[in-house]
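Undergrad: By the numbering used here, the letter at position 672 of the sequence shown is numbered 851, and the numbering carries on one by one without gaps.
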Amino acid sequence: MIKESANTIMDGNISDSLIVTLILHPRFGYILQPVFALFQPEIEVYTITEMAVSSSSAFPLLDEDKQKIVRCAERYADKNLMVSYSSEKSEAAFLQKVAEKDIDLYIRPFIEKRHREIVGLMLKTDTPLFIRTKIQIRDFRVNQAVELMKDPSRMLFIFRNRETFTYTAKVQNGKTEITLDGRFFAPLVADPAITVIGNQLHHFNDIDAKKLTPFFTKAQIEVPPGSVDAYIRKFVVQCVRNYETIGEGLTIFEQQHDPVAVLTLEKGMDLLPVLHLRFRYGDNSFSINKPYKKEVELHEHGGDFSIGWYYRDRNWEEKHIGLLTDAGLYKTQFGQFVTEEMIHPHASLEEEGQDGSSGTGSDGTGMVEWLNRNGTLLKQFELTQSFGKLLYFTGEIGLQMKVDDTGDWFDMHCTACFDDVRIPFVQLKDHILNGVREYVLPDGRIAVLPQEWFVRFGEMCRYGVVSGDDIRLPRYYFRVKELAENGRFLDKNGGWQPQGDIEIPKTLNATLRHYQEIGFRWLVYLHENGFGGFLADDMGLGKTLQAIALLLHIYGEMPVVAKKIDRTPRQLSLFDDPVSLKDEGKAGDVKGTGCPGEIGDLGDRGDAVGRGDLKEREYIIDRYDSAVGRKLLLPSLIVMPTSLIHNWVNELEKFAPSLKVYVHTGGNRLQGSQFAKSISDYHIVLTTYGTVRQDIHFLSDYPFHYLILDESQYIKNPSSQIFSAVKQLSSTYKLALTGTPVENSLSDLWAQMDFLNAHMLGKQGEFRMRFREANVMKEEREQQQLLKIIDPFILRRTKEEVAPELPPLTDEIIYCEMEDDQALLYNMEKNRVRNMLMEQYHDDHRLYNAVALSSLMRLRLLANHPKISMPDYAGTSTKLEQIMEQADVLFSGGHKILIFSSFVKHLEIIASQFDDRGWRYAWLTGRTVNREAEIDRFHSDENVKAFFISLKAGGTGLNLTAADYVFMIDPWWNPAAEMQAVSRAHRIGQEKKVTLYRFITKDTVEEKIQRLQRYKKALTDAVIRSQFSIEEMKKLLE
């Protein structure tokens, strides 16, 4: 029964409704034509009143969907089609002359597109459809309405292979099944078909109306005998794949397969190794990108055909895809799987060099390594390779290791395992050092060495000594051994923990703070293990006192020994007593093989400082004195800048009066053989770097017990005479005291570490190459690897660490947006500089750096305030405004501020604003004459709330704890210089919380300087490079 429209115009028992009629157009085939009709409920009849058009008075009364039906139909009215597809002036001429080709190619497809919309709306609104076979028919009974099938219909093909091969078709919709022969057939849409069959409107998802046409005139279709085979192979197989089918005399069955996931290692689009996953069902394999649908297999047995069909196991396939993605692979649009490094090559480039290998996975080696790591998972796949003559090893790679500690050496017994193939690891040494990941196994397969091995064994291969099939490491490489053995570094000090059972020497006239006790015990740890090291605490934390405590621990309360040995005065030689020394090693050897020595109670002479009367003078070289039954030690040499001699003398007298000290300076100092003959009278010898350089010709012959360098950065230059002289000094143990083991570059570190633990960082040239500044990315990561190795030999504590009473420091960034005028000036200058550098100086590194640094300075000035470099600039600066706003708020709260800048002119601009507001301030730049007066004014005058300071003039040497806020109004290249400036307020004695505000102009070089500061901070806060690479300059100017 047809439902009445909700938008019907009621007039008694008669209502005006919208219905759709199906008519045969004289040229365009069957079309849908909406009309207005009067509905008479008592007789259930619709009578057409007029064509339904949007200009009709009844149109506005229709609901929205029915209005759409009318508008869609209007679009293919003859007059509208004529306008779109013809130049004719009359509809009659258009209909007469329009070509069949144009109808087929353009007009009918346009009409069918509108039909599809109309049918959808009819189904939604239950709009009645009637077949109007003649134009004269105007009345339609309700029971004549076409049944609108709500759900899609399906085709059923029936194939009969008996004496002849025939087939027929039926339409299925739900439980309804209809034959087609002899039924009315009106196609409305060709593909996929929408058609009226009999008195029903059917819509399909998967068939063209043309394929239905033959079945409306024939009960069945017979295939000629000579064409049956071809028909089955093509048409029947296609029907089985796409539709429901029944075979009579032709077997059509559901086939069962156990699928197999096949992984093939092959070349991808960029010729790098990728994994291609396919799913094999029987003899057919499918890409993971192939849509899921019914699959068909044709079987032929002795001229008889059977057709099997099946659906792929979607859940099973997705599970295997998930196994790969869950294990870290990425699926590409081509159905291949790649590693993360290959899908994100730029991230790989950032990691390049971290492990020392030539590839980080973006070169495809990561895929092979992934296979090596995932042997268990791969058991669920069939693995094949398609690389031509190349065959990669895809099995499991392992390692067997045994370490023997022989005292002075670690013997590393390592074997690489490739399934059953065993390779001594020493054979891989060159591959590890050169970053070559591909290693050819004896059977010709190519093994990709695990990326982790380049991290784990890189230092072992670099510093180890080949001994047969093993690698030997000197004992001070115990962290290298630790990394190779465990695959990672352990705690910072390689297992060392402060030992509470080491007593503080009773003869020390001082009470050590807790951190000093830790430092003392760390020094004892180095001594007992024969290591040299840096004590690199901040200034003022008592490095000298900790070293004195170590010396007292070593020499103990040993009495002065009187043992006469009659010798002719001459220059000391290591081999003076062949009897007592015949079993000893050479001077300067590692612990246990060093030259012997003792101390004696020889009183005071020359520049000596100490207690006790001179009883006898003698030169003693025996390691063991039977008269007193104990080991006797040679004196220790402490080398320092001249300015520190007096301090050391005072500290030793104050804290260690039991130690006898000789000061080897001045014109009256001992010389040559007299030094060698007499120096064993003392525990400690103090001298300067300059004196060592002058006297090295005889100092180098004396085997000191300890050699201590204070301010050891004095030997940072390996090509200097000081370094050469100090390296010639001989001692059993060595120690360096410095607050800055690295001042300018990592070469500083190499020089000092080579003094402390000879050859520990390899040859200087190799070290420079490894940490060459041009390769910034690699250098930073190599630095971290280096630091892990040398950490046990460096102890550094800052004031913040050891002074918990110091209030916290808050570091905040305030970003400032440029005004339009300022931004325009800045961007014009940036573009000008960038273009000039790219065009004129790209190939000249030296000129590039010089011009770029000058250009960067101009950009920095513009980012701060254009007025700094352009006095006539009339605009303002957002940074200036924000500085003034923050200062105003802080002053109202009673705070004092330090304002630092690299540019005095910038300070002057801000100070001018302070003057306008009547704010008082102190001033310190390089031109300030009376620094102390300005400092006193800031501290004592409550009305002086701010202190303007240029970074270079006031970055060090000031105590300004009256301030609790610090403004860093423009960033400097070296973060250490900035933090030194901040330390003027944030230092011992400060009782208030200190806040640092960094003012950074957004979208300028200042942001890039900030990033560069963070990026360059590697060894200590003092590491600064003198120049930038071209690549860094480009980044700053981007």
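Note that the Cβ used here is the ideal one computed from N, Cα and C, for glycine as well.
Predicted, not measured: the structure shown is a model, and the values here were computed from it.
1) Could you work out which residue in 419, 398, 722, 726 is closest to residue 976 when comparing CA atoms only?
2) Quick one: what does DSSP say residue 212 is sitting in, helix, strand or coil?
3) Which residues in the same chain have their Cβ closer than 6 Å to the Cβ of residue 487, if we skip the five residues on either side of it in sequence?
4) What is the rounded straight-line gap between the Cα of residue 1119 and the Cα of residue 981?
5) Does the contact criterion of 3 or more C-beta pairs under 8 Å hold for the stretch 1034-1047 versus the stretch 1077-1089?
6) Where do the N-terminal and C-terminal ends of the alpha helix (DSSP H) with residue 299 fall, by residue?
7) Are there three or more Cβ pairs, one per stretch, closer than 8 Å when the stretch 320-332 is compared with the stretch 260-267?
8) So for residue 1109, helix, strand or coil by DSSP?
9) Where does residue 372 land, buried or exposed, given buried means 16+ other C-beta within 10 angstroms?
10) Which residues in the same chain have their Cβ closer than 6 Å to the Cβ of residue 441, if we skip the five residues on either side of it in sequence?
11) Distance, Cα to Cα, residue 362 vs residue 396?
12) Work out the CA separation of residue 298 and residue 313 for me, nearest whole Å.
13) Quick one: what's residue 326 bridged to in DSSP?
14) Could you pull out every residue in the same chain whose Cβ sits closer than 6 Å to the Cβ of residue 123, ignoring the five residues on either side in sequence?
15) For residue 1190, count neighbouring Cβ atoms within 10 angstroms of its own Cβ and tell me buried if that reaches 16, exposed if not.
16) Considering only the alpha carbon of each residue, which of 374, 696, 1175 lies closest to residue 990?
17) Helix, strand or coil: how does DSSP classify residue 1006 here?
18) So is residue 213 buried or exposed if we call it buried at 16+ other beta carbons inside 10 Å?
19) According to DSSP, is residue 1188 helix, strand or coil?
20) Pairing CB atoms from the stretch 837-845 with CB atoms from the stretch 862-870, are three or more of them under 8 Å?
21) Can you check which of these residues, 1001, 919, 1170, is closest to residue 987 by C-alpha distance?
22) Compare the Cα-Cα distances from residue 1172 to each of 1140, 836, 276, 1101 and report the closest residue.
23) Among residues of its own chain, excluding the 5 on either side of residue 528, which ones have a beta-carbon nearer than 6 Å to its beta-carbon?
24) State the CB to CB distance for the pair residue 1148 and residue 1076, rounded to an integer number of angstroms; the pair is presumed to be in contact (CB under 8 Å).
25) One question on the structure: do residue 710 and residue 973 come within less than 8 Å of each other, judged by their Cβ atoms?
26) Our contact map puts residue 1047 next to residue 1128 with C-beta atoms below 8 Å; I'd like the distance itself, whole angstroms only.
27) Determine the direct distance from the alpha carbon of residue 1072 to that of residue 1008, and round the result to whole angstroms.
28) With residue 938 and residue 912 assumed to form a contact (beta carbons below 8 Å), what rounded beta-carbon distance in angstroms separates them?
29) If you check the beta carbons only, do residue 1218 and residue 232 fall under 8 Å apart?
30) Within 10 angstroms of the Cβ of residue 738, are there 16 or more other Cβ atoms? Answer buried if so, exposed if not.
31) Terminal residues of the continuous beta strand (DSSP E) containing residue 1124?
32) Which residue wins for smallest C-alpha separation from residue 280, given the options 345, 820, 207, 724?
33) Suppose you measure from the CA of residue 399 to the CA of residue 510; what does that come to, to the nearest Å?
34) So which of 584, 724, 703, 705 has the shortest CA-CA distance to residue 695?
35) Using 8 Å as the threshold, is the stretch 608-627 in touch with the stretch 638-653, meaning 3 or more CB pairs across them?
36) Taking the C-alpha atoms as reference points, what is the distance between residue 288 and residue 390?
TA: Quick look at the numbers:
1) 722
2) In the three-state reduction of the DSSP assignment, residue 212 falls in the strand class, which pools E and B.
3) 432, 434, 476
4) 29 Å
5) yes
6) Unbroken alpha helix (DSSP H) run through residue 299: 287-304.
7) When Cβ pairs closer than 8 Å are counted between the two stretches, the stretch 320-332 is seen not to touch the stretch 260-267, the count staying below three.
8) coil
9) buried
10) Here the set comprises 457, 459, 561.
11) So the two alpha carbons sit approximately 8 Å from each other.
12) When rounded, the distance between both Cα atoms is 22 Å.
13) 379
14) No information on residue 123 is available, as it lies outside the stretch 180 to 1217 that the chain covers here.
15) exposed
16) 1175
17) helix
18) buried
19) helix
20) yes
21) Nearest option by C-alpha distance: 1170.
22) 1140
23) Because residue 528 carries a pLDDT of 40, less than 50, the predicted location of this residue cannot be relied on, and the following value inherits that uncertainty. Closer than 6 Å at Cβ, skipping near neighbours: no residue.
24) That belief does not hold up - the Cβ atoms of residue 1148 and residue 1076 are roughly 11 Å apart, past 8 Å.
25) no
26) Between residue 1128 and residue 1047 the Cβ distance is about 17 Å, and since that is not below 8 Å, they are no contact.
27) 40 Å
28) With a Cβ gap of about 17 Å, residue 938 and residue 912 do not count as contacting.
29) Lying before the first or after the last residue shown, residue 1218 is absent from the chain, which here runs from 180 to 1217.
30) In this prediction, residue 738 has a pLDDT of 45, which is less than 50 and means its spatial position is unreliable; what the coordinates show is noted afterwards. Looking at its Cβ environment, which holds fewer than 16 other Cβ atoms inside 10 Å, residue 738 is exposed.
31) Its beta strand (DSSP E) spans residues 1123-1129.
32) 207
33) 49 Å
34) 724
35) yes
36) 17 Å
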